[in-house]
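In our numbering, the protein residues as written are 5 to 451.
Notes for the one structure printed next.
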């Protein structure tokens, strides 16, 4: 917050709100959605907003001469950079507070949005595409993109990984991502307690790549739902929605935050027994492995440890892990432990240094008293699909899941039968508990 205030004091060029409003204006001016403004779009926008700004700003900001001056490369079009630079140059000569400028721009945005919606109540028909696989696999982002088509491919080899399941015109009064999801669940005949991820392809950027955009926004005015609806009404919009990561919404389990500070120390002091580990790679990657038998029996003082990834790998950000559970008086809220795996030994005769292993996070659920608890952990990189697609010039979202669930695991905590086995750590390999982490080796058929 302090940084934003400091930027605001530095003038319009550095004001985050003004930059966001100008970007939105550019999108509204850009009627055909091709990421540049034509003279026709410029003049049309001028007619709409001239009266609105006449008492506050110089109408010359968006007149014919201003277009020619802003077109610094002389191609007869204005891209976003040219539009922003011309706007900032004009604002620097205006004796107005940045907050007043922001209010003017927001009025212009509202006016243009209203004009574009007048007489229209829904988008053109949009096709709905779902993953073809009945049970899509999960892959980390560094692997998931490798079998996807790019804009450089002559043939979209990944087109058979998606199925078109109908089409729908989206009402323009949808306000949140959940509004969109509810409509798609009805269309796809999915139960109301279904979570899903929705993506659309935005206007082409440099090199012709259409960004893979996750539909988001928990509350009206947040996220990109209205931006998406406006975009889908444009001439050059890609009228497809991609639905993936379909999974059941918990009915009784509640999302839990991690324990920190004194609470963390108090919980970990009660971890005096054996640790039962479940790691994400064994459970999730590819076809995955089966979960421990239900119920999983442990003793008071033991801990269920769920190991999850941390980094998606440059240039992407981090994984997001969400924990849902009941009975936190039986099993504790999760306690984080950061793990730095040991580097693999370099093969003899090879000079190249082995890459540093990715850091891991262990979520400790300590058994506090006798009873039963059910939990699961969702591991997600869905918000990283856009940068992944841009980095590798992908044509659409990856067809594999970008969210996967470890669980649900039912834990039955019982009184300890003897002396606690403090320090003992075993891992579930899909078949049994083992001292070694990783999936059980598949047995080959006898010849």
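Backbone N, C-alpha and C fix where the C-beta goes; we use that ideal spot for every residue, glycine too.
Predicted model, so just to flag it, every value in this text is computed and none were measured.
Sequence-distant residues of the same chain with beta carbon closer than 7 Å to residue i, five excluded per side
i, result
"residue 284", "311, 312, 313, 383, 410"
"residue 256", "330"
"residue 442", "286, 433"
"residue 399", "153, 154, 155, 160"
"residue 426", "276, 277"
Boundaries of the beta strand (DSSP E) in which residue i is found, first to last residue
i, result
"residue 146", "Premise fails: residue 146 lies in the alpha helix (DSSP H), 145-148, not in any beta strand (DSSP E)."
"residue 408", "407-418"
"residue 329", "324-329"
"residue 87", "From DSSP, residue 87 is part of no beta strand (DSSP E) but of the alpha helix (DSSP H) over 84-95."
"residue 375", "375-384"
"residue 247", "244-252"
"residue 369", "364-370"
"residue 259", "258-260"
"residue 435", "No beta strand (DSSP E) contains residue 435, which DSSP labels as neither H nor E."
"residue 333", "Careful: residue 333 lies outside any beta strand (DSSP E) and carries neither H nor E."
"residue 131", "130-135"
"residue 342", "339-343"
Buried versus exposed call for residue i [16 or more other C-beta atoms within 10 Å across all chains shown]
i, result
"residue 456", "Any question about residue 456 goes unanswered here, given that the chain covers just 5 to 451."
"residue 114", "exposed"
"residue 301", "exposed"
"residue 286", "buried"
"residue 437", "exposed"
"residue 180", "buried"
"residue 3", "An answer regarding residue 3 cannot be provided, because it is not within the stretch 5 to 451 covered by the chain."
"residue 124", "exposed"
"residue 142", "buried"
"residue 405", "buried"
"residue 265", "exposed"
"residue 165", "buried"
"residue 450", "Summary for residue 450: the model assigns pLDDT 45, below 50, so the residue's position carries little reliability; its value from the coordinates is reported in the next sentence. When all chains shown are included, residue 450 counts as exposed."
"residue 267", "exposed"
"residue 343", "exposed"
"residue 240", "exposed"
"residue 296", "buried"
"residue 8", "With a pLDDT of 49 at residue 8, under the threshold of 50, the modelled position of this residue cannot be trusted; read the value that follows with caution. Exposed, since its Cβ has fewer than 16 Cβ neighbours within 10 Å."
"residue 248", "buried"
"residue 429", "exposed"
"residue 75", "buried"
"residue 292", "buried"
"residue 326", "exposed"
"residue 222", "exposed"
"residue 226", "exposed"
"residue 80", "exposed"
"residue 388", "buried"
Best match in the options for proximity to residue i [C-alpha to C-alpha]
i, options, result
"residue 95", "72, 296, 22, 126", "22"
"residue 242", "226, 208, 263, 219", "208"
"residue 177", "148, 396, 232", "232"
"residue 174", "218, 229, 146", "229"
"residue 134", "371, 193, 340, 119", "193"
"residue 86", "268, 104, 27", "27"
"residue 15", "35, 295, 103, 74", "103"
"residue 280", "214, 221, 258, 371", "371"
"residue 452", "165, 190, 342", "The chain is shown from 5 up to 451; residue 452 falls before or after that span and cannot be answered."
"residue 270", "296, 305, 282", "305"
"residue 88", "41, 418, 126", "41"
"residue 298", "73, 394, 377, 249", "377"
"residue 379", "416, 185, 392, 74", "416"
"residue 3", "414, 144, 373, 345", "Absent from the structure is residue 3, since the part of the chain shown begins at 5 and ends at 451."
"residue 106", "213, 20, 413", "20"
"residue 288", "388, 140, 226, 315", "140"
"residue 215", "396, 24, 93", "396"
"residue 17", "120, 29, 91, 78", "91"
"residue 33", "69, 210, 188, 234", "234"
"residue 204", "213, 244, 38", "244"
"residue 453", "197, 35, 184, 129", "Any property of residue 453 remains undetermined from this structure, which presents the chain solely from 5 to 451."
"residue 431", "366, 412, 375, 389", "366"
Own chain residues within Cβ distance below 6 Å of residue i, not counting five before or after
i, result
"residue 199", "251, 253"
"residue 46", "71"
"residue 337", "260, 263"
"residue 274", "370"
"residue 148", "402, 404"
"residue 237", "127"
"residue 435", "444"
Limits of the unbroken alpha helix (DSSP H) element including residue i
i, result
"residue 394", "389-396"
"residue 22", "20-33"
Any non-hydrogen atom of the ligand NAP closer than 7 Å to residue i Cβ
i, result
"residue 26", "With respect to the ligand NAP, the structure shown offers nothing to examine, as it has no ligands at all."
Cut-off 8 Å between Cβ atoms - residues of its own chain near residue i, not counting five sequence neighbours on either side
i, result
"residue 303", "277, 278, 371, 417, 418, 419, 420, 421, 424"
"residue 323", "312, 313, 314, 315, 316, 383, 384, 385"
Subject >> Runs of alpha helix (DSSP H) wholly within the region 267-318 (minimum 4 residues, chain order) >> reply: 284-288
Subject >> Entirely enclosed beta strand (DSSP E) segments - the region 164-235, minimum 3 residues >> reply: Entirely contained in the region 164-235, the beta strand (DSSP E) runs reaching 3 residues are, in chain order, 166-172, 198-205, 216-218.
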